[in-house]
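In my numbering, the protein residues as written are 40 to 266.
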């Protein structure tokens, strides 16, 4: 049976970076579910459809086949596609990030992506991260981790990342966005962000990236008997 690791947690906790690094060391497939929601948000915004349009978003999804949004592994690296377009770089803007949080609250969006996520997990040893992986998508995962850090620390990390790009928002704006995303994710009606009852808490507020990767890697090896 494939080994499934579920990592949940708030925006900016480093889930994707850490899960990707641990997956590489273990030879597992990394599944970035947040990227799929970002892809949906990107597609809607490119079509002029607001991310909170609960009529327009489902209607647009009905026009698309189930494989329109996909994850493809090219030379060992995950790429995100909308149809035939590789949008891996285009989905990492603050606008798309906020849009992803918004569209993820729409039931039709979650249903559209749900089967894709589960199919990948049923066929491979994977580490999957998101907001409701351990609670909804993979409730029987071999290990569930709730990865978090303080809002201030998460905002600091995100600000450093964005400061290398033109038009960088202020730290205060980044912190406000982080807090708003936390609120949106934790208070949405469908699959709100929360720690699964059997999830291990991993707080990375006071450790660097290397330390966080080591923390998660040791958890996986210990709980899943991987050497």
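C-beta: ideal position from N, C-alpha, C; glycine also.
| Query | Result |
| --- | --- |
| Proximal residues to residue 207 (C-beta, below 8 Å), its chain only, five neighbours per side dropped | 198, 201 |
| Rounded C-alpha distance that separates residue 43 from residue 226 | 27 Å |
| Contacting residues, own chain, Cβ-Cβ under 6 Å from residue 230 (five flanking each side not counted) | 171, 175 |
| Reduced DSSP secondary structure (H/G/I, E/B, other) of residue 269 | The requested residue 269 is not part of the displayed model; the chain covers only 40 to 266. |
| Segment contact, 8 Å Cβ cut-off, at least three pairs: the stretch 154 to 163 with the stretch 210 to 220 | no |
| Pair within 7 Å by beta-carbon distance, residue 138 and residue 238 | no |
| Cut-off 6 Å between Cβ atoms - residues of its own chain near residue 36, not counting five sequence neighbours on either side | Since the first residue shown for the chain is 40 and the last is 266, residue 36 is missing from the structure and cannot be characterised. |
| Cβ-Cβ separation, residue 53 to residue 243 (assumed contact under 8 Å), whole Å | 6 Å |
| Option nearest residue 57 by Cα separation, candidates 241, 87, 144, 261 | 241 |
| Buried/exposed call for residue 86, threshold 16 Cβ in 10 Å | exposed |
| Collapsed DSSP secondary structure at residue 256 in the structure displayed | helix |
| Simplified DSSP assignment, three categories, for residue 227 | coil |
| Same chain only: Cβ atoms within 8 Å of residue 84, ignoring 5 sequence neighbours per side | 90, 134, 135, 138 |
| Nearest-angstrom Cα separation, counted from residue 126 out to residue 94 | 24 Å |
| Residue 79, DSSP secondary structure in three states | helix |
| Beta-carbon proximity list for residue 74, same chain, < 6 Å, skipping 5 on both sides | 119 |
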